[in-house]
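Just below is one structure, and these are the notes that go with it.
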Amino acid sequence: MRWRLTLSLIGSLFLGWMLGTGVLGQPPVPGAAPLPQPEQVRPHPALTEDIEADWRQHQIAYAEARLRLAEARLRITEETNERLKNLVTQRKVIKYKRLADGARWRLEQVKAGNDEHSAALMEHAVANAEIARDDYRSAMEANQLSPRTVPVAQITLLRNELELAEARLAMVRQLPNLPQAKQQCWYLDQVLDSLQDLRLETSRLRRRE
């Protein structure tokens, strides 16, 4: 008991000295490396084996959904290019082929277990959301200038991809701030619900074709 009191007294004196001399609360030393911000710290979301399994399934389902959307968008763009045959549609075909190839490669990586993590996960989610916002906004603006420039089916796909990207980004942003496994599972469920909606929408588009 005595040694605990001694340690407590020493600790109190040391803290008082730091506060009195102004060591605590001082601004960072010029030239020192900045402390990592909360949004830069991305711990692995798997806190339990159950969450690890949920996270793996989410990664695969997300990659599969992005591949289906990319392939459907490429198919619609190729059909549009066959009809119009202009430089704009030809460039879009090249762009969407690249995106489809990237989505196919990403799915292979996820299935092989090469998951993104840490800051790379956040960077990937932000980039996908920005691309999805830009693509959807561009398509809507094009149709405002000239109706039906972008097919309705492609607008639907772009909107679905935007919703998926936004849902995933919201989930990734929450990962480092959620102390309980139950809350993390809730965010995973939200994204998986979005994926289910995308499957239904993609099936309707396929039947229409």
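According to our numbering, numbering within the sequence shown proceeds without interruption in unit steps and concludes at 1174. For glycine and all other residues, C-beta sits at the position ideal for the given N, C-alpha and C.
From the options, residue whose alpha carbon lies closest to that of residue i
i	options	result
L1027	R1071, K1060 and L1049	The question names Leu, yet the displayed sequence has Tyr at residue 1027. It is R1071 whose Cα lies nearest to the Cα of Y1027.
I1120	R1063, R1021, H1023 and D1099	D1099
R1033	M1136, D1066, R1113 and I1059	D1066
R1124	M1136, R1102, A1135 and R1048	R1102
I1025	E1126, V1137, V1075 and A1118	V1075
T1042	R1031, A1030 and K1060	K1060
L1049	G1078, R1113, E1128 and A1035	R1113
R1063	A1094, A1104 and L1039	L1039
R1175	N1108, A1097, E1047 and Q1109	The requested residue 1175 does not occur in the structure, where the chain is confined to residues 966 to 1174.
P1116	T1045, E1131, L1127 and Q1022	T1045
A1077	Q1022, A1135 and R1138	Q1022
A1029	E1131, N1108, Q1109 and R1069	Reading off the sequence, residue 1029 comes out as Glu, not Ala. Comparing Cα positions, the closest option is R1069.
A1092	A1037, L1127 and E1047	L1127
M1136	E1073, A1037 and A1094	A1094
A1118	M1105, L1129, A1130 and L1110	M1105
A1035	L1122, A1107, L1110 and N1108	L1122
Residue-level contact to chain C via CB, residue i, 7 Å cutoff
i	result
L1034	Structure shown: chain C not included; a single protein chain is present.
Entirely enclosed alpha helix (DSSP H) segments - the stretch 1041-1076, minimum 4 residues: The qualifying runs are 1052-1076.
Segment contact, 8 Å Cβ cut-off, at least three pairs: the stretch 1087-1098 with the stretch 1046-1055: The stretch 1087-1098 vs the stretch 1046-1055: no contact.
Length-filtered (3 minimum) beta strand (DSSP E) runs lying within the stretch 1100-1125: Within the stretch 1100-1125, no complete beta strand (DSSP E) run reaches 3 residues.
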